[in-house]
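Notes follow once the structure below has been shown.
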Amino acid sequence: MSESKFTNFKNKSPHLPSGVLDPAGRISTTPIHPRSKGSLTSQAAGILGRWGDKRVLVMGLGLHDGGVGTVKFLARAGAQVTVTDLRPRRILTPALDKLRGLKNVRYILGKHRKKDFIGHDLIVKNPGVQPNSPYLKLAKKHRIPITSDMGLFFGACPAKIIGITGTRGKSTTAHLIWKFLKTGFARVYLGGNIRKSVLDFLPHLKRNDLVVLELSSFQLKDLARQKKSPHIAVLTNIFRDHLNWHRGFRDYLQSKSIIFKFQGKKDYLFANTKDKIVRGLAKSAHSHVVFPRLPKHLRLIVDKKLGSQFRESTALAIAVARHFKISPSRIEKILRSFRGLPGRQKHIGRVKGINFINDTTSTIPEAAMAAIKRFRMRAPRPRKLILIAGGSDKKLDFHGLAAMIKKNADIVIFLPGTATDKIVQLIKVKTWHQGLTPMEAKSMSDAVRKAYRLAQYGDYIVLSPGAASFGLFLNEFDRGDQFVKEVQKLKHDGKRR
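Structure (structure tokens):
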């Protein structure tokens, strides 16, 4: 893309619609009134008008705001919306509170009804709903169109889309690209798998805007129906993940490949050159494929700010920024000020000299292994590395994690779950090494308190589960929030317990 096509962005004030991250990283809360299209462009009004007077079923409200954004978007377009979710009202209260005052929305909670899946003009499914759901099969049998919030977005988005996916590092990569591009362009939007709905800002988008989207395998699988891929695709890496949801690893790979599958010769794929699986997948791309490397003079900055495991993600983000003619000096300035994202090997503070690390987004074994490696180096023995790990299984292999825990951790406190059962059994088979202390905790509060009692000045307490969060927590973000809350309590207590 030539630089001349983007010079009209510079030195203009950004328009900040509801739900989009503004240049300071805040969520703008400017209200958009239902069915009020007077302040929107004619194209945006047309987008909203597509759904007027339609009967739309939203399957799976969820708690990440994606469902909330979908309902708001459809309601303000004038659709007659029905929301159905297997979870009861008491669990969905945080989401339902955000939908108060919408008169053209009704709720069927705690169950699904077959009649709802054959009595609507359109079904918008939550990305987490598996495609083999019997209710979706019933809808297909009756030829009811099925899509997702991302499907609605891709079908109507007038702007160029930069899509990022991968097993690890996609959030950091997406945020870096967003930050880099903001130094050159005023209207750059960030959305996707970040607990905010892309439909919040869809009505405000213009043709020359840029949209940066983090895309999960679930979201990409839904996009296959639209046969859409972003103009610029970024593929960070591939590890085994979500095998409890996908039909197997091959199905997972196919879902990730949607990021570039429907690209053409004028599109671009930026891919991790050090990942063999990624290189193999990229061979089937019809677009321009770029395998960037991190400039040597930036490696120390990345290692210090983020950790060496983010070198490839940063290289990809820089390559995309350079594609849009962002200068190296601006890129380096952003890198030097970037402190990483919450829940990703984040140092959240010290209590009496004890370091606390929140790595709650570690939901696969490889992520926990990276954290153990990094913080073992930060805390060489005799300082202790105290690990809080475990949780629910996604049909993954924990042999490598068990071996690394055995070799590097001094104390490990396990959260309950099926993944924990696997890890404990593997370590027992290998036998606990001399000095390793395994413990179990009933809750996050219990885990943090036990770890704190056993820690001394200079030790590291690291939450890096290497497993899913469902069961004990609402999601991995709730898990991290509870960890941070317990650490804050320790700070306020002011004494050891």
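If you read the sequence shown in full-length UniProt numbering, its first letter stands for residue 1, the second for the next number, and so on.
All C-beta atoms, glycine included, are put in the ideal place defined by N, C-alpha and C.
query	result
Span separating the alpha-carbon of Ser229 from that of Phe180	22 Å
Span of the alpha helix (DSSP H), counted from its first residue to its last, around Pro438	Pro438 -> not in any alpha helix (DSSP H); beta strand (DSSP E) instead, spanning Thr437 to Glu440.
Minimum length 4: unbroken alpha helix (DSSP H) runs contained in the stretch 300-337	311-323 and 328-337
Alpha helix (DSSP H) segment containing Asn408, residue limits	His399 to Asn408
The stretch 299-307 contacting the stretch 328-347, beta-carbon criterion three pairs below 8 Å	yes
For Leu223, the nearest candidate out of Ser337, Thr236, Leu205 and Ser257 (CA to CA)	Ser257
DSSP state of Arg35 mapped onto helix, strand, coil	Its pLDDT being 39, under 50, Arg35 is placed unreliably in this model, and the coordinates cannot settle the point.
Contact under 7 Å by Cβ, Ala156 with Val212	no
Nearest to Ala233 (by Cα), restricted to the options Ile423, Phe239, Ala271 and Leu243	Ala271
For Ser257, three-class secondary structure by DSSP	helix
Whole runs of the alpha helix (DSSP H) within the stretch 55-129, excluding any shorter than 4 residues	66-76 and 89-97
Short Cβ contact (7 Å threshold) for Glu214 with Ser171	yes
Spatial distance of Ile259 from Gly163 (CA atoms)	7 Å
Inter-residue spacing [alpha-carbon to alpha-carbon] between residue 555 and Ile461	Only positions 1 to 497 of the chain appear in the structure, and residue 555 is not among them; the question remains open.
DSSP-derived helix/strand/coil call for Phe201	coil
Residue closest to Ile118, alpha-carbon to alpha-carbon, out of Leu109, Lys103 and Tyr135	Tyr135
Terminal residues of the alpha helix (DSSP H) in which Ile277 lies	Lys276 to Ala282
The stretch 369-389 touching the stretch 458-475, judged by at least three CB pairs closer than 8 Å	yes
Through-space distance from Ile91 to Lys428, alpha-carbon basis	37 Å
Where the beta strand (DSSP E) through Lys141 begins and ends	Element bounds for Lys141: not the beta strand (DSSP E) but the alpha helix (DSSP H), Pro134 to Lys141.
Closest Cα partner of Gly391 within the set Trp51, Lys196, Val412 and Leu99	Val412
Sufficient close CB pairs (3 or more, under 8 Å) joining the stretch 317-328 to the stretch 438-450	no
DSSP state of Asp22 mapped onto helix, strand, coil	With a pLDDT of only 38 at Asp22, under 50, the local geometry of the prediction cannot be trusted, and the value read off the model is given with reservation. Three-state result, Asp22: coil.
Residues sharing a beta bridge with Ala233, DSSP	Gly163 and Leu269
Cβ-based burial, Tyr252 [other Cβ within 10 Å; buried from 16]	buried
Spatial neighbours of Val169 in its chain, beta-carbon cut-off 6 Å, leaving aside the 5 residues before and after	For clarity, residue 169 is Gly in the given sequence; the question names Val instead. Correct list, in chain order: Thr236 and Ser313.
CB of Gly67 within 7 Å of CB of Leu61, strictly	yes
Per-residue burial, Gln456 [other beta carbons within 10 Å of its own, 16 or more giving buried]	exposed
Whole-Å CB distance - Ile108 paired with Thr84, under 8 Å assumed	4 Å
Three-state secondary structure assigned by DSSP to Leu48	helix
Interface flag, Lys160 vs chain B, CB-CB below 7 Å	The question asks about chain B, but that chain is absent: this structure has only one protein chain.
Per-residue burial, Thr437 [other beta carbons within 10 Å of its own, 16 or more giving buried]	exposed
Where His288 sits in the DSSP three-state scheme	strand
Three-state class that DSSP yields for Phe492 in the structure shown	Per the sequence presented here, residue 492 reads as His, with Phe not at that position. Helix, per DSSP.
Inter-residue CB distance, Val56 and Asp116 (contact presumed, cutoff 8 Å)	Actually they do not touch by this definition, with Cβ atoms about 11 Å apart.
Integer-rounded CB distance, given that Val105 should sit under 8 Å from Val129	Not quite, the Cβ-Cβ distance comes to about 19 Å (not below 8 Å), so this is no contact.
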